[in-house]
Amino acid sequence: MRALLLDGQVSFRPDYPVPTASRDDVLVRVSMAGICETDLQLVRGYMGYAGVLGHEFVGGAESGPYAGRRVVGEINCACGTCALCHRDLPTHCANRTVIGILRHDGAFADYLVVPQRNLHLVPDSIPDEIAVFTEPVAAAFQILAQVPVTGRDRVIVLGDGRLGNLCAQVLAGVTPHLLVVGKHREKLSLLEARGLRATLLDDAPADRSADVVVDCTGSETGLPTALALVRPRGPIVLKTTVAGTQTLAWAPFVIDEITLVGSRCGPFDRALAALDRGEVDVRPLIQERLPLERGVEALELAKQRLKVLLEVSGR
Ligand SMILES: [Zn+2]
Ligand SMILES: [Zn+2]
């Protein structure tokens, strides 16, 4: 099969072996896949991953109870038997593999293997180019699963990129007092076109009035910026993963009693419902669609563009 392989560097392979599905797994034929910041970080060495890239996908199940139907898949593959799995924390399973990220070949390929329990059926009303956003939209909804946000809360989303846009749309469904702070005029205007308030970083309110700040910058500058915007006792939700280490003065966290909430993968059912109802509009994010063969070029493009989609099988 065709695959986009990361092995120190990324290359397109026309004859990579088709993965074999074991007992609880399903072979999924990929129709479309999305490139996200994590993929770009992996290429830079984050997680030391080697294998087929790709964790945002929609495809057709080839076996199991969903055979012949369109599916999306959660990316954490849990063992089901460790202490964390028993505590109902499968996304934190000590023995997990993560599709396209940790010891599990991903979706930038004709086929991938996904545990049956990770799969969700895609309603016919959601086309592939929308369904492929389920994973990042679920990650945006995870914020609400972790931090109580009400309609009175002033929320700032830092970052106007792919994930910042999705998090902003999700949070705008909860509070009218939402502000997106970014560095790119054209990306901010996409949000303004949807009726959200957005501003350049230089014009952000410096009065530490935000009840919640969400860092989606993908940059080591995100956390210190968030700290300068959040009110005392306000939570900072960290969506950014940066390869490498960063230094920071921690005393302000103590003095202002700041809660730091790391936030990763989220509820697929909620994301599919939001995409189906149009609560989140992902179409403006799609800036490029390239065939899998041009995957190396697509990864390069994704450094500048919002969403770059890989068309794998085409229907
Ligand atoms: Zn992603
Ligand atoms: Zn486990």
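Residue numbers (our numbering): 16 to 330. No residue lacks a Cβ here, since even glycine has one placed at the ideal position from N, Cα and C. For clarity, every value in this text was computed on a predicted model and none was experimentally measured.
>> Distance check for T260 and G49, CA to CA, integer angstroms please.
In response: Cα-Cα distance, rounded: 27 Å.
> Rounded to a whole number of angstroms, what is the C-alpha to C-alpha distance between R330 and S46?
Replying inline: In this prediction, R330 has a pLDDT of 46, which is less than 50 and means its spatial position is unreliable; nothing more can be read from the coordinates.
> Just reading off the alpha helix (DSSP H) that F123 is part of, what are its end residues?
Replying inline: Unbroken run through F123: none, as it is neither H nor E.
>> Measuring only the C-alpha atoms, how far is S204 from V185?
In response: 17 Å
> If you scan the stretch 109-192 from start to end, which runs of the beta strand (DSSP E) of 3 or more residues do you find wholly inside it?
Replying inline: Whole beta strand (DSSP E) segments, 3+ residues: 126-130, 134-136, 170-173.
> Run through DSSP, which three-state label would Q261 get?
Replying inline: coil
> Taking Cβ positions, are R85 and D22 nearer each other than 9 Å?
Replying inline: no
> Among L253, D54, V67, which residue has its Cα nearest to the Cα of G27?
Replying inline: The question names Gly, yet the displayed sequence has Phe at residue 27. Considering only alpha carbons, the answer is V67.
> If you check the beta carbons only, do I273 and P250 fall under 9 Å apart?
Replying inline: yes
> Under a three-way DSSP split, which group does E312 fall into?
Replying inline: helix
> By DSSP, does D296 sit in helix, in strand, or in coil?
Replying inline: DSSP places D296 in coil when its eight states are reduced to three.
>> I'd like the span of the alpha helix (DSSP H) that includes V269, first residue to last.
In response: 266-270
> Is P29 helix, strand or coil by DSSP?
Replying inline: Here P29 sits in coil by DSSP.
> When you compare each of I116, C280, D168, E201 to E150 by their alpha carbons, which one comes out closest?
Replying inline: C280
>> Does L194 come out as helix, strand or coil in the three-state DSSP assignment?
In response: strand
> Which value, in whole angstroms, describes the spacing of the CA atoms of L4 and R132?
Replying inline: Residue 4 lies beyond the range of the chain shown here (16 to 330); nothing can be said about it.
> Taking G188 as the reference, which of E294, D230, S278, R285 has the closest Cα?
Replying inline: Ranked by Cα distance from G188, the options E294, D230, S278, R285 are led by E294.
>> Between T236, A146, V195, which has its C-alpha nearest R209's C-alpha?
In response: V195
> Using a Cβ-Cβ cut-off of 6 Å (strictly less than) and excluding sequence neighbours within five positions of A213, which residues of its own chain qualify?
Replying inline: Excluding positions up to five away in sequence, the list reads V195, L203, L206, E207.
> Does the stretch 55-69 touch the stretch 91-109, meaning 3 or more C-beta pairs lie closer than 8 Å?
Replying inline: Touching, no, given that fewer than three Cβ pairs across the two stretches are closer than 8 Å.
> Span of the beta strand (DSSP E) holding V227?
Replying inline: 227-230
>> Cutting at 8 Å between CB atoms, please list the residues of its own chain near S140, excluding the five before and the five after it.
In response: D291
>> For a quick check, are the C-beta atoms of V129 and V41 less than 9 Å apart?
In response: yes
>> How far does the alpha helix (DSSP H) with A208 in it extend, from its first residue to its last?
In response: Counting along the chain, the alpha helix (DSSP H) containing A208 begins and ends at 200-208.
>> Run the Cβ filter for me: residues under 7 Å from any heavy atom of ligand 2, listed in the order they occur in the chain.
In response: Each of A93, C94, G95, T96, C97, L99, C100, P105, C108, A109, N110, R111 has a C-beta closer than 7 Å to some heavy atom of ligand 2; these make up the full list, in chain order.
>> Taking DSSP's pairing of strands, which residues face R212 in a bridge?
In response: L194
>> Taking 8 Å as the cut-off, is the beta-carbon of E235 closer than that to any non-hydrogen atom of ligand 1?
In response: no
> Would Q394 be called buried (16 or more neighbouring beta carbons within 10 Å of its own) or exposed?
Replying inline: Past the boundaries of the shown model lies residue 394; the chain is included only from 16 to 330, so the question cannot be answered.
>> Given this structure, state the Cα-to-Cα distance separating D218 from G197, to the nearest angstrom.
In response: 10 Å
>> DSSP three-state label for P250, please.
In response: strand
> Who are the near neighbours of G79 in its chain, counting only those whose CB is closer than 7 Å to its CB and skipping five residues on each side?
Replying inline: V41, Q131
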